[in-house]
Every structure is written in C-alpha cells, then in structure tokens.
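Protein chains in written order, with the working numbering: chain A, 29 to 142; chain B, 9 to 423. Okay, structure first, notes after.
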C-alpha cells in the first residue's frame, strides 16, 4: 500500500533551529529508505514564495500567486513510500529528519475508481 | 432429538451467558480471520444465531468458542460467495478464511490483544479509541456508551464508523506491536483505560458525578490486560483504579454532595478491593520497574491503610510524590505534592509551593489550584485572600457537585 508522507514546517525556522537537519542528513535518510526498497519518490520543495495556485472554474483557468492556504507551517517536502501498513509508514515517517522541527502527515493513497 | 421447552429455555440462558463471556473472544479471532470489523460482527451474530438453532438438536459442543469461530467463518464465506457474484472474490482471502484450523488458547489471547491494541491505536482520535474499545472489547452497546459520555448515540455511532473506516483505509494493522514499540503502545492502552475510569469517576462536566458502570468496565479491561500481558505498570493502573473505586460509596453523601477524603466515612470503603489493590501495588513495586501508575497506586494505598485521616503517613506520601514528580514531571503532580507537603509540614510550607506553581502559569485555568490555595489560606487565617481564591476556583469549575462544595466554602467564610 502506498502512503504519502507530507513534511510540514515553519519555513522561517526550518534551517535555523538547534535541531534543524542539514541537507546531507536528509539525503542520507532518503538513501536509507531507498535502500530498503520502500521508496517511490521523495523531494524537498522550494519555499512557498515560489508557489503558484491554479484553479479551473467554468472552463476558465485562474492562476494566483502563493500557496493554496496561508498556514503557520508550510509544505516543505514529501516522501511517497510503499509500506505494508500504517505502522510501517509511521515508522518511515518518524525517521524523516525534518520531523524533529516540523511535522509529518501520513496519508494513505486512494485507488481511483476506474 | 428435540428438547422440551424447559430444556430449551435453559439452553437459551446458557447461550446468553456464553455470549457475554465468549463473544468478544470470538469477535477478536473473526476480525483476524476475516480482516474486517463489520464482516466479523455480522459473522459473530450469525454464529450465535446458528448455535441457537443447532445446539438444542445436537447438544452443546465440547469447545463452544472454537465452534462459534468456525461457524462464523463459514457464514462469512457464504456471505462473501454471495457478494462475489458481483465482485471478484480475492482467492487469497477465501483460502485464508477456509483454512481448516481451530484456534488454540494462546492464539485466542493474542487475538484479544490485537483487538485492544488496534482499538487503542494512537492514530485514532482519543474519543474514537475510547468508544471503539467499549464497543468492540467490552461489548457495550452504542446507547450505553453514549449515556456514559453524556452524548447522543448517533455521535458515538459516527465516531465508531469513522474509526473503523480509518482502520480499513489507512490500513492500521491488526497486530500486537513489536517489542521496540510495545512500551509506548502499551502506555497508550493504559491511558485509554484510565481515561475511561476517570470519565466514570467524575464526569468532567454536568451534574452526574459517579458512573460506576464505566469504572467497572475500566477495571474489567485492566484485569484483562494484566492477564493477557502481565506488566508492572498495568498492575499499577489496575491497583490505582481498585483503590479509588473502593471509596466510591464514601465520596458522595446521602444528599448527593461531594465528600473529600479527610471527611469520608472510612467504614464505607470496600476492603476487598483495597486488599486486592494493595497486593497488586506490592507486586508492581517488587518488579523494580516502577512507573507513574504504580507510584500513584502506592500513594492511594497509604491513604487506604490509615484508619482515620489523622493517621495518614504523610512522610511516606511526600517521599512517593518526590518519586512521582521525577517519573512524571507535570504541574498537576507538583500541585498534589504541594498539598501533601502542607499536610506534613503545615499550610505555610505548602502555600509557598502553590504560589510558585501559580506564577509558572501552566495551571492558571485549573480550578483545583485555587481551591487548594484557598484551603491553605483559610487554615492560616487569611480569610479575605481565601475567599478570593475560592471564588476564582468556582469560576473555573464545571462540575455541579464541586461547584456546590466551593459555594459552601465561600458561604462559610462570608459568615
């Protein structure tokens, strides 16, 4: 079963807290998960100042600057993993270094009804 | 050979008892075999229904639990076959369900643990954990759970449906946690049980102060947990609940008013429960793995040993509070410790600590901080300040009997 682990944190402090992980640590963990064969994809994201939000209403595309919603913590990256069950997904998520300064939301992937 | 009506009603009574004793075990095993809560519940009902028809004819089987599991399994296969005319039935599932095998005693115990750990999974909301545990593990009806939580059956039903949906969709595993996760997960189970007990001990809001049926359920769960997975803190929690439960008749006066520990009629305390609790505390202490529940139980046991409030061994209680504060450094524990120190060293010593706690601010919305402060101020003769503190406590207090108690204290000071 696939789970998406969404990494949220306060962008302003993500890299400056005493517990903040360095990129090398993040990379090492991603490689570890990759090595266990459970990784489908994982990326870190640029800050929300680079975000563009798109909506299509009555066939018209509307493009706005900024993230979907202004929040205290922002989406900083994600892991898409293959795990046997929620416990295994939680185990992977709790090892993500950014979880020490932010939070990780674990969401099971829904199979489209086709 | 058909049985006569008298035998039939006897059999029905026996089946009723069996349902109470065995249905939760049968359900726990059926959930593992069928991989689905709803399917298992339906199969459980059908299995008992089949027993009611078949046992009067064939007699009660030697191992009723295994018979019921087996019957439930075959009912579920029928059900799946019927519905598979429309959807493809996974062969793997069918093979797993059909595998001829009756569960061993140990496996049944493991299934019960699986059920408890799944219902108390930390990824479910706290209220959902409680409702699901009462429904699936204790076998309470939705209506019973609703009345215990002073809410509507539809709210409880919705919580349970959502929780089951999350178990299915997020794939919360039906398993006993691995050794590395076990301590934390067990903590969570114990917390659910203690929350249920406290909900019964003093409904957090409203007029109803005691609901001993929730207390009884929590104690039953504690016993089951200790039997399935013996652990020092589980014993500590069970002891704590028994020792507090033993005082239930003395906690409320004939007029429905709250009676504090020093004023309670100790002859109303249930000695059998106190003895059992004290023995469990001793056992837990001997394991040398001493946690917060065991320490709280040890404190409760010392109160229970004292023939009168004046005989209480405050020296010992203060020592235990020092240990408890190390194990669980929370402001509520610090407040209780301050009250114990006031009992040992006098109100002025306790007041110094309570004033410090008040300055730290974490308990600024906790009515018992002000109530404790008021009591010590009153003892020291600072009646004006005591009155003010009681009024602060009353403003924050949400429980009717406690409000009446505080109003009485205020009235006494105003006279």
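Idealized CB from N, CA, C, for every residue including glycine. Computed from a predicted model, the values in this text were never measured in an experiment.
How many whole angstroms separate the CB atoms of residue 80 of chain B and residue 38 of chain B, which I take to be in contact at a CB cut-off of 8 Å? By one-based count along the second chain, residue 80 of chain B stands at place 72. By one-based count along the second chain, residue 38 of chain B stands at place 30. 5 Å between Cβ atoms; contact.
Would you mind stating whether residue 104 of chain A and residue 68 of chain A have Cβ atoms separated by less than 7 Å? Position 76 of the first chain, counted from the first residue, corresponds to residue 104 of chain A. Position 40 of the first chain, counted from the first residue, corresponds to residue 68 of chain A. No, the pair does not count as a contact, with Cβ atoms beyond the cut-off.
For residue 180 of chain B, return the contacting residues in chain A, with the cut-off set at a CB-CB distance below 9 Å. Looking up residue 180 of chain B in the second chain gives position 172. Those are 113, 114, 115, listed as they occur along chain A.
Name the chain A residues whose beta carbon is nearer than 7 Å to that of residue 119 of chain B? Translated into positions along the second chain, residue 119 of chain B becomes position 111. What residue 119 of chain B touches in chain A: nothing, since even the nearest Cβ is about 17 Å away.
Are residue 70 of chain A and residue 56 of chain A close, meaning C-beta to C-beta below 7 Å? Numbered from 1 along the first chain, position 42 holds the residue referred to as residue 70 of chain A. Numbered from 1 along the first chain, position 28 holds the residue referred to as residue 56 of chain A. Their beta carbons are not under 7 Å apart, which means residue 70 of chain A does not touch residue 56 of chain A by this criterion.
Given 8 Å, three or more beta-carbon pairs between the stretch 118–138 of chain B and the stretch 28–46 of chain B: yes
When you compare the CB of residue 177 of chain B with every CB in chain E, is at least one pair closer than 7 Å? The structure shown contains no chain E; its protein chains are A and B.
Using DSSP with H/G/I as helix, E/B as strand and the rest coil, what is residue 67 of chain A? Walking along the first chain from the start, residue 67 of chain A turns up at place 39. Three-state DSSP puts residue 67 of chain A in a strand.
Under the DSSP definition of a beta bridge, which residues are partnered with residue 106 of chain A? Residue numbering aside, residue 106 of chain A sits at position 78 when the first chain is read from its first letter. BP columns for residue 106 of chain A point to A:34, A:71.
Which whole-angstrom value is the C-beta distance of residue 312 of chain B and residue 349 of chain B, which I expect to be below 8 Å? Taking the second chain and counting its residues from 1, one reaches residue 312 of chain B at position 304. Taking the second chain and counting its residues from 1, one reaches residue 349 of chain B at position 341. That belief does not hold up - the Cβ atoms of residue 312 of chain B and residue 349 of chain B are roughly 21 Å apart, past 8 Å.
Using the C-alpha atoms, what's the distance from residue 77 of chain A back to residue 91 of chain A? Within the first chain, the letter at position 63 stands for residue 91 of chain A. Within the first chain, the letter at position 49 stands for residue 77 of chain A. So the two alpha carbons sit approximately 14 Å from each other.
Run through the DSSP bridge pairs and tell me what residue 133 of chain A is partnered with. Taking the first chain and counting its residues from 1, the one referred to as residue 133 of chain A is at position 105. A:34, per the DSSP bridge assignment.
Whose C-alpha, out of B:263, B:231, B:237, B:236, is nearest the C-alpha of residue 248 of chain B? Working through the second chain from its first residue, we reach residue 248 of chain B at position 240. Nearest of B:263, B:231, B:237, B:236 to residue 248 of chain B, Cα basis: B:231.
Same chain only: Cβ atoms within 8 Å of residue 37 of chain A, ignoring 5 sequence neighbours per side: For the purposes of this step, residue 37 of chain A is taken as residue 9 along the first chain, with counting starting at 1. Around residue 37 of chain A: 101, 102, 104, 126, 129, 130, 131.
Residue 86 of chain B - containing beta strand (DSSP E), residue span: Position 78 of the second chain holds residue 86 of chain B. Segment 72–91 is the alpha helix (DSSP H) holding residue 86 of chain B; no beta strand (DSSP E) there.
Where the alpha helix (DSSP H) containing residue 122 of chain B begins and where it ends: Counting from one through the second chain, the residue named residue 122 of chain B turns up at place 114. Where residue 122 of chain B is concerned, the enclosing alpha helix (DSSP H) stretches over 113–127.
Just by C-beta distance, which residues in the stretch 115–142 of chain B are closer than 7 Å to chain A? Those residues of the stretch 115–142 of chain B that come within reach of chain A (Cβ to Cβ, closer than 7 Å) are 131.
Along the chain, where does the beta strand (DSSP E) containing residue 41 of chain A start, and where does it finish? For the purposes of this step, residue 41 of chain A is identified with residue 13 of the first chain, where counting begins at 1. First-last for residue 41 of chain A: undefined, no H or E at that position.
Give me whichever residues DSSP pairs with residue 84 of chain A in a beta bridge. Numbered from its first residue, the first chain carries residue 84 of chain A at position 56. Paired residues: A:89.
For residue 167 of chain B, I'd like the list of residues in its chain whose CB is within less than 7 Å of its CB, leaving aside the five on either flank, ordered along the chain. Here residue 167 of chain B refers to the residue found at position 159 of the second chain. Once the five neighbours on either side are set aside, the close Cβ partners of residue 167 of chain B are 135, 136, 139.
Quick test of the definition: if touching needs 3 or more C-beta pairs under 8 Å, does the stretch 280–299 of chain B touch the stretch 260–269 of chain B? no
Cutoff 8 Å; reference residue 378 of chain B; Cβ partners in own chain excluding five residues on either side: Within the second chain, the letter at position 370 stands for residue 378 of chain B. Closer than 8 Å at Cβ, skipping near neighbours: 397, 398, 400, 401, 404.
Given residue 62 of chain A as reference, the closest of A:108, A:49, A:52, A:35 once Cα atoms are compared: The count along the first chain starts at 1 and reaches residue 62 of chain A at position 34. Comparing Cα-Cα distances from residue 62 of chain A to each of A:108, A:49, A:52, A:35, the minimum goes to A:108.
Could you name the residues of the same chain whose beta carbon sits closer than 6 Å to that of residue 54 of chain A, not counting the 5 residues immediately before and after it, in chain order? Taking the first residue of the first chain as 1, we reach residue 54 of chain A at position 26. The answer, listed in chain order, is 125.
Under 7 Å between beta-carbons, which chain B residues line up against residue 29 of chain A? List them in chain order, please. On the first chain, position 1 is the one that residue 29 of chain A refers to. Neighbours of residue 29 of chain A on chain B, chain order: 179.
Please return the same chain residues whose Cβ sits closer than 6 Å to the Cβ of residue 76 of chain B, not counting the five positions on each side in sequence. Position 68 of the second chain, counted from the first residue, corresponds to residue 76 of chain B. Its chain contains 34, 55 as the residues whose beta carbon lies nearer than 6 Å to that of residue 76 of chain B, once the 5 sequence neighbours on both sides are disregarded; these appear in chain order.
On the three-state DSSP scale, how would you describe residue 260 of chain B? As a working note, residue 260 of chain B is residue 252 in the second chain. Strand.
So what does residue 276 of chain B bridge to, in DSSP terms? Sequence index remark: in the second chain, residue 276 of chain B carries index 268 (1-based). Residue pairing for residue 276 of chain B: DSSP places it in no beta bridge.
Report yes if the CB atom of residue 47 of chain B is closer than 7 Å to the CB atom of residue 84 of chain B, and no otherwise. The residue given as residue 47 of chain B occupies position 39 in the second chain. The residue given as residue 84 of chain B occupies position 76 in the second chain. Residue 84 of chain B sits close to residue 47 of chain B, with the two beta carbons spaced by under 7 Å.
Interface residues of chain B facing residue 136 of chain A [CB-CB closer than 7 Å]: On the first chain, residue 136 of chain A is found 108 positions in, with the first residue counted as 1. Within 7 Å Cβ-Cβ: 177, 178, 179.
Residue 266 of chain B - partner residues in DSSP beta bridges: On the second chain, position 258 is the one that residue 266 of chain B refers to. DSSP, once it has assigned bridges, lists B:260 as partnering residue 266 of chain B.
Three or more C-beta pairs closer than 8 Å, one from the stretch 192–204 of chain B and one from the stretch 254–266 of chain B: is that the case here? no
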